[in-house]
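Line by line, the protein sequences give chains A and B. So the first sequence is residues 1 to 505, counted in the working numbering. So the second sequence is residues 1001 to 1063, counted in the working numbering. Quick reminder that beta carbons are idealized off the backbone N, C-alpha and C, glycines included. What follows is one structure encoded as structure tokens, with my remarks underneath.
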Amino acid sequence: MSLLVFAVFGALFVLVAVVIARAFPVGDPEDFLVAGRSLPFGIISASVMISWIWTTTLLGAAEAGYLFGIGGGFAFAIGSVVPFFVFIPLALRLRRLMPYGTTFLEFVRERYGVGLQRGLLVLTILLALYISGEQIIGISYALSASYQIPYAAVAMISTLIVVLYLTIAGLRGSVLNDVIQFFVIAIVVFVLLPVVATNIGIGNIYEGLAQVAGNPDNELYNPDALTLLAPAAIRYCLIALVISMGFVLLNQGYYSKARAAISSKSLLAAYLLGTVIAWAPVPILFGVVLGGGGLAQGMTTGEELRVTTDVASAVFTQALPTGGALAFSLMVFMAGMTTAGNALAGFQALVTVDLRRSLPAGRWLLSSPTRFARLSTLVFGVVVAIFAIVLQGASLLYIDILSGIIFSTPIAALVLGLLWRRPSTPVAAVSIVLGLLGGIGTYLAVDDPNLDYFYGNVVSLGLPFLVVVVGTVLSKRDYDFDELKEYRSPTAEARSGPDPDAEGL
Amino acid sequence: MGPEVFAVLVWTVFAVGWAGVLVIAVAVIRELALLVITKRRAGGSAADTVQHRPGEEHGGERS
């Protein structure tokens, strides 16, 4: 029965893409990559909210609540929301500076040159692989364990579904599938989770946490279990912030949706509502209700839990014995699909706009941008499935830590280059290299295994800012942002008319 | 933190989430309805243009 539910949803997603492709035939690459730049506020909000709910948001926030007490869920939420306060002004500025741009790497190319753009293209494609692969791994673990299906089969089928709906209908198909999944996830989180909280009892959770905080003989003793600003939670918040910075600011999926918004006003409202107001309660509640619930009920690893990551599903299904397991698995499945879809939509835009122009022209494959996007996505899907299968059993935590060190290094060059006329190409390139070396060096040099990843991540994000600021003070360059106004993305060349925002606002 | 404050904190976070999701849901339903209506109108007029040219079956000349 449960498997039938997943099969029906999988088929529905592909069917929606087919219907969308028939209702809105892909006229030009703009339609395929940025939905014709015409998506309204509500659809964008639902899509960005749901694509920022990773499988790790659900499982990791509850785990953080279990490990750090009530501060854990808050730390996860704050650390993951802050990058959007950087992203939103950047996306708005990009729209204003380059009204007919598509990817953020086009800005890098115009601002810093082809060399840096190509280097970052490799990094962003690796990031898309990592994000989509991690989601498929999360889905495969959850479904293979719950329904005794081979892990590799789940990995291949779930990748196939998401790749199919993106290949058939592009960003528009992905976003409308996000909307369906938004309603399902919203029901589980905001209708079923309150039922879970009521079944356990908010008072019982509090009493249990007070026990954990006050009784040194308790197996799960944590004096900070009821402290919002516990030192371990603050450290975790900073780590989440550094890692999320790269995941947001180097993820073309979010830029594509920002470009797809019908106006800058819609973009601003949709991202604030989707990523802050509606999203932030999700990890907080998972941390407090499910993580805190696990602590309060005395769940321990080796007994009720295989590993601490299991706490969310264990508490949810125990408090909701009828249908709880299916609802939880469905939520994890959809959280993974939407996030992988967002990363793949970003990949499609990057290869079609930035990679295609770097390849020799004239070949059949390259003559049609949409064909190139579709075939690249199919090939990338195969790579994602292989990546997920190969990494079965690997420590995602370890990969997450390393990814934070690698993917946060270009943030300084990107952010300061967008806001400030003076940073030059050599300064930007040196900042990235030094950030990478500094982050890895710090990680290896610090002896304490509880602190090495923390300092490594902080250095990889912070050092490039220092290098860009100091290097820029010494340089004489003065970039003219007005040059970008006339820029047209290779996929937007067919479009004409005034700045899209001039009419929208 | 006392038990009352804890309970208020949890239900306040739920309330913020409900408000956010409700606003999005209403906007999405409205936008999808508009999209369907616009599409039907556009489809209908396009079909009319193709099937019933002015002056043919629908009596374009009468107007």
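For I1037 (chain B), no chain A residue has a Cβ inside 7 Å of its Cβ, as the nearest lies near 13 Å away. Cβ-Cβ distances below 8 Å link N199 (chain A) to A319 and L320 in the same chain, with the five nearest sequence neighbours on each side left out; the list follows chain order. In the DSSP annotation of this structure, the continuous segment of the alpha helix (DSSP H) that includes S80 (chain A) starts and ends at I70 to L97. Against chain B, the beta carbon of L267 (chain A) has no neighbour under 8 Å; the closest one sits roughly 14 Å away. Taking one beta carbon from each stretch, the region 190-204 of chain A and the region 40-51 of chain A have fewer than 3 pairs nearer than 8 Å; the two do not touch. Contact note: F41 (chain A) reaches chain B through A1027 and E1031, using a C-beta cutoff of 8 Å and chain order.
Membership of Q318 (chain A) in the alpha helix (DSSP H) is indicated by the continuous run V311 to A319. The alpha carbon of F104 (chain A) has as its nearest neighbour, out of A:F41, A:I389 and A:I411, the alpha carbon of A:I411. A Cβ of chain B is located within less than 7 Å of the beta carbon of F190 (chain A). With the criterion set as a beta carbon lying under 7 Å from some beta carbon of chain B, the region 149-174 of chain A has no members that meet it.
If you draw a straight line from the Cα of Y271 (chain A) to the Cα of A385 (chain A), it is about 30 Å long. The three-state reading of DSSP puts A225 (chain A) in coil, since its state is none of H, G, I, E or B. Put simply, the backbone Cα of F372 (chain A) is about 16 Å away from that of V34 (chain A).
Residue contact check for S263 (chain A) against chain B: no CB pair falls below 7 Å. Cβ contact annotation for I88 (chain A) (same chain, cutoff 6 Å, sequence separation greater than five): Y271, in chain order. Neighbours of P223 (chain A) in chain B, taken as residues whose beta carbon is under 9 Å from its own, are absent, since the nearest beta carbon is some 13 Å off.
Taking V351 (chain A) as the centre and dropping the five residues before and after it, the same chain places the C-beta of S376 closer than 6 Å to its C-beta, in chain order. When the Cα atoms are used, N222 (chain A) and Q148 (chain A) turn out to be separated by approximately 36 Å. Within the same chain, Cβ atoms closer than 6 Å to the Cβ of E304 (chain A) are found at A314, the five residues on either side in sequence being excluded. In the three-state DSSP reduction, Y453 (chain A) falls in the helix class (H, G or I). Following the DSSP letters along the chain, one finds F107 (chain A) inside the alpha helix (DSSP H) bounded by residues F104 to Y112. Interface annotation, P281 (chain A): in contact with chain B, CB-CB separation under 7 Å. Around A142 (chain A), the same chain offers S329 and V332 as residues with beta carbons nearer than 6 Å, after the five sequence neighbours per side are excluded. The Cβ of I202 (chain A) sits closer than 7 Å to at least one Cβ of chain B.
For chain B, none of the residues of the region 313-335 of chain A brings a beta carbon within less than 9 Å of one of its beta carbons. For P231 (chain A), the closest Cβ of chain B is not nearer than 7 Å. In the same chain as Q181 (chain A), and ignoring 5 residues on each side of it, the C-beta atoms closer than 6 Å to its own belong to I50, M334 and T338, in chain order. In chain order, G298 and T300 place their CB closer than 8 Å to the CB of E219 (chain A), counting only its own chain and leaving out the 5 sequence neighbours on each side.
Note on geometry: alpha-carbon atoms of N342 (chain A) and G253 (chain A) lie some 5 Å from one another.
According to the DSSP secondary-structure assignment, A261 (chain A) is paired through a beta bridge with A:L39. For R488 (chain A), the beta-bridge partners assigned by DSSP are A:Y100. Put simply, the backbone Cα of L1032 (chain B) is about 20 Å away from that of S256 (chain A). In this structure, L434 (chain A) sits near V467 (chain A), with a CB-CB distance shorter than 7 Å. For G274 (chain A), the residues of chain B that pass the 9 Å Cβ criterion are G1020 and I1024, in the order they occur in the chain.
The secondary-structure analysis by DSSP pairs T301 (chain A) across a beta bridge with A:L305.
Remark: C-beta atoms of F347 (chain A) and A7 (chain A) do not approach each other more closely than 7 Å.
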